[in-house]
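In the working numbering, the protein residues as written are 3 to 478.
From the three backbone atoms N, C-alpha and C, an ideal C-beta is built for every residue, glycine too.
What follows is a single structure, written as structure tokens, with notes after it.
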Amino acid sequence: MTSQESADSNQEVLLERYEVQQELGKKAGRRTVLARDLQTQELVVVKILSFGNEFEWNDLKLFEREAETLKALSHPAIPRYLDYFELDSPNSRGFALVQSYIPAQSLEAQLKAGRNFSEEEVKELAKAILEILKYLHGRQPPVIHRDIKPSNILLTNRSGNSVGEVYLVDFGSVQTIARRSSTMTVVGSYGYMPPEQFNGRATPASDLYSLGATLIYLVTGQHPADLPQTDLRIEFEQIANISFSFKSWLRRMTEPIASQRLASAEGALQALEQPGNATQTQTRATNSTVGKPVGSKVVLNKNVNFIEIIIPPIGEWTTLTKFYLWASLLMLPGPFSLFFIIIRGSDSDDSIVIFPKIVLIILLLFLVCLLANNILHILPAFFGEMRLRITRQQISRIFSLFGIERHSPLPSPTQNITQLERTKDMANRPYLIIWAGSRKYEIFTNDANSFPVTLLELDWLTHEISDWLGLPITRE
Numbered sequence: 003m004t005s006q007e008s009a010d011s012n013q014e015v016l017l018e019r020y021e022v023q024q025e026l027g028k029k030a031g032r033r034t035v036l037a038r039d040l041q042t043q044e045l046v047v048v049k050i051l052s053f054g055n056e057f058e059w060n061d062l063k064l065f066e067r068e069a070e071t072l073k074a075l076s077h078p079a080i081p082r083y084l085d086y087f088e089l090d091s092p093n094s095r096g097f098a099l100v101q102s103y104i105p106a107q108s109l110e111a112q113l114k115a116g117r118n119f120s121e122e123e124v125k126e127l128a129k130a131i132l133e134i135l136k137y138l139h140g141r142q143p144p145v146i147h148r149d150i151k152p153s154n155i156l157l158t159n160r161s162g163n164s165v166g167e168v169y170l171v172d173f174g175s176v177q178t179i180a181r182r183s184s185t186m187t188v189v190g191s192y193g194y195m196p197p198e199q200f201n202g203r204a205t206p207a208s209d210l211y212s213l214g215a216t217l218i219y220l221v222t223g224q225h226p227a228d229l230p231q232t233d234l235r236i237e238f239e240q241i242a243n244i245s246f247s248f249k250s251w252l253r254r255m256t257e258p259i260a261s262q263r264l265a266s267a268e269g270a271l272q273a274l275e276q277p278g279n280a281t282q283t284q285t286r287a288t289n290s291t292v293g294k295p296v297g298s299k300v301v302l303n304k305n306v307n308f309i310e311i312i313i314p315p316i317g318e319w320t321t322l323t324k325f326y327l328w329a330s331l332l333m334l335p336g337p338f339s340l341f342f343i344i345i346r347g348s349d350s351d352d353s354i355v356i357f358p359k360i361v362l363i364i365l366l367l368f369l370v371c372l373l374a375n376n377i378l379h380i381l382p383a384f385f386g387e388m389r390l391r392i393t394r395q396q397i398s399r400i401f402s403l404f405g406i407e408r409h410s411p412l413p414s415p416t417q418n419i420t421q422l423e424r425t426k427d428m429a430n431r432p433y434l435i436i437w438a439g440s441r442k443y444e445i446f447t448n449d450a451n452s453f454p455v456t457l458l459e460l461d462w463l464t465h466e467i468s469d470w471l472g473l474p475i476t477r478e
């Protein structure tokens, strides 16, 4: 097959059929042009891979894979495969892929032109891309795009209440799961690539990360690579003026550890439409099955601004309080004995003191502190209170006794909350962990704790927290 110049014009004609109208993009060894099909008179997009000094055989492999993939796809929001041929002329040698032309601007171009997006518009766009990913990831074998970013998403102008029609283009980095056993290529765009993709691995969850990073660009107006990071996690919450539940969803989309990320487009779509609902191993109780147990003394207060759980003292001897009681009884003789030894050593010149007085005094103070500590562990079970409070600003867990309050752990920003984990201790007793960064805020059923709840109370409280935060419950 050949390419030639049209005899009566300066316009380039490829394969004596595709008349180049304008150049759409160019980078090392590649060129994308808008052309007119002289047979159908329709506009088409032609991607050209040229043989030259910058040519690499891996480029040809990706180019052929793109053509092969597009040929097998049929979706209204994905360009249609039209033709694939070899170029062999004095001016151009290589391969060309022809696909349907979509008359729409890229998301990146619209952002640079000053277009802003409301939260509802961003959600609408997210749902549209997730529907496309459901189709791609549902193929056999699954198709992974690997390069979702603003420049590869086309969007028509908004009309009425609609964000516009959404298209996903540029399948030049595409990979199918069936090819994962072969040598993998690190492709993608910095700032939108998940950590595993830097190691040549990609799964459907990798596309979800890229989509999440793209949406973060929309809600912050900043490139993801320009935003601060903590442990590879993009810190966008302080800048984004969006709802708490949408922030939580974006955090789950962009978890740096793939196993902690939303795993499927279908699950991500469900979580976006119904915050907190179950996806795969993540579950959430329903109102029909979970409610406050009859006779429970736990107090729950909540509104749109906060949720507060107050767990009263158990009011009885638990395993923990019994331990501290017996330890205290065994320790009682010690301080009294040391006290009389010190007094005797002071009043009698004939007394024999084995240890210097200062050592005995330090030992006495140490034993008194231990005894006081034991008592302080007993008293909360009868007179204390634990309060877990989450506001839109921070999460805190406070222990109070006789009006004295103690934070354990220290408060954390609510935006750091990433996971609700239902797990079990070594004795197989369930408890809840609210993860806020590396800090854990726990509610126990273990009676070795001063403020345990029953299993039914734990189910109820877990559901209420999940519902308020819009986070799923991850079970061990």
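Euclidean distance between Cα positions of residue i and residue j
{"i": "PRO413", "j": "ILE397", "result": "6 Å"}
{"i": "GLN13", "j": "VAL22", "result": "6 Å"}
{"i": "THR232", "j": "TRP470", "result": "25 Å"}
{"i": "LEU135", "j": "VAL15", "result": "35 Å"}
{"i": "ASN243", "j": "ALA267", "result": "25 Å"}
{"i": "ILE80", "j": "SER102", "result": "9 Å"}
{"i": "SER298", "j": "ARG263", "result": "35 Å"}
{"i": "TRP251", "j": "GLU237", "result": "14 Å"}
{"i": "PHE446", "j": "VAL455", "result": "6 Å"}
{"i": "GLY202", "j": "GLU58", "result": "18 Å"}
{"i": "ASP90", "j": "GLY96", "result": "7 Å"}
{"i": "LEU234", "j": "ALA260", "result": "12 Å"}
{"i": "PRO314", "j": "PHE119", "result": "46 Å"}
{"i": "ARG389", "j": "SER410", "result": "10 Å"}
{"i": "PHE87", "j": "LEU229", "result": "43 Å"}
{"i": "ALA204", "j": "ARG148", "result": "7 Å"}
{"i": "THR416", "j": "LEU457", "result": "26 Å"}
{"i": "ASN418", "j": "ASN448", "result": "26 Å"}
{"i": "ALA265", "j": "VAL176", "result": "18 Å"}
{"i": "GLU122", "j": "ALA115", "result": "20 Å"}
{"i": "ARG477", "j": "GLN224", "result": "35 Å"}
{"i": "GLY98", "j": "LYS73", "result": "Note that residue 98 corresponds to Ala in the displayed sequence, not to Gly. Cα to Cα, ALA98 sits roughly 14 Å from LYS73."}
{"i": "VAL145", "j": "LEU138", "result": "5 Å"}
{"i": "ASN154", "j": "ASN60", "result": "21 Å"}
{"i": "LYS129", "j": "LEU156", "result": "14 Å"}
Residue range of the unbroken alpha helix (DSSP H) whose run includes residue i
{"i": "PRO206", "result": "206-222"}
{"i": "ALA69", "result": "59-74"}
{"i": "ALA37", "result": "Per DSSP, ALA37 belongs to no alpha helix (DSSP H); it is in the beta strand (DSSP E), 32-39."}
{"i": "MET255", "result": "246-255"}
{"i": "GLN112", "result": "109-114"}
{"i": "PHE200", "result": "197-200"}
Strand pairing of residue i, partner residues [DSSP]
{"i": "ALA438", "result": "ILE419, ARG441"}
{"i": "ILE155", "result": "LEU170"}
{"i": "ARG95", "result": "ASP90"}
{"i": "VAL100", "result": "VAL48, ASP85"}
{"i": "ASN303", "result": "GLU310"}
{"i": "PHE446", "result": "TYR433"}
{"i": "PHE401", "result": "MET388, ARG408"}
{"i": "ILE236", "result": "GLN231"}
{"i": "ARG160", "result": "None, per the DSSP bridge assignment."}
{"i": "LYS426", "result": "PRO432"}
{"i": "THR42", "result": "In the DSSP output, where bridge partners are listed per residue, THR42 has none listed."}
Delimiting residues of the beta strand (DSSP E) encompassing residue i
{"i": "THR464", "result": "Segment 457-471 is the alpha helix (DSSP H) holding THR464; no beta strand (DSSP E) there."}
{"i": "GLN23", "result": "20-29"}
{"i": "LEU274", "result": "Counting along the chain, LEU274 falls outside any beta strand (DSSP E), though it belongs to the alpha helix (DSSP H) covering 267-275."}
{"i": "ARG477", "result": "475-477"}
Sequence-distant residues of the same chain with beta carbon closer than 7 Å to residue i, five excluded per side
{"i": "TRP462", "result": "VAL292, GLY293, LYS294, PRO295"}
{"i": "ASP39", "result": "ARG19, TYR20, VAL46"}
{"i": "GLU444", "result": "TYR433, LEU434, ILE435"}
{"i": "THR420", "result": "ARG253, TRP437"}
{"i": "THR393", "result": "ASN307, PHE308, THR416"}
{"i": "GLU459", "result": "PRO295, SER298, VAL300"}
Beta-carbon contacts of residue i that lie in its chain and below 6 Å, excluding the five residues immediately before and after
{"i": "THR158", "result": "ALA106, GLY166, GLU167"}
{"i": "ARG33", "result": "ILE50"}
{"i": "TYR194", "result": "LYS151, SER212, ALA215"}
{"i": "PRO196", "result": "SER208, TYR211"}
{"i": "LYS249", "result": "GLU239"}
{"i": "SER402", "result": "GLU387"}
{"i": "VAL100", "result": "VAL46, VAL48, LEU84, ASP85"}
{"i": "ARG181", "result": "In this predicted model, ARG181 has a pLDDT of only 47, less than 50, meaning its place in the structure is not dependable enough to derive any value."}
{"i": "LEU271", "result": "LEU132"}
{"i": "GLU110", "result": "PRO152, SER153"}
Sequence-distant residues of its chain with Cβ nearer than 8 Å to residue i (five each side left out)
{"i": "SER76", "result": "ARG82"}
{"i": "LYS304", "result": "GLU310, GLU466, TRP470"}
Below-9 Å beta-carbon distance, residue i vs any chain D residue
{"i": "ILE155", "result": "Absent from the structure is chain D; it holds one protein chain and no more."}
Q. In the region 116-141, which residue ranges form an unbroken alpha helix (DSSP H) of at least 4 residues, counting only runs that do not cross its ends?
A. 121-139
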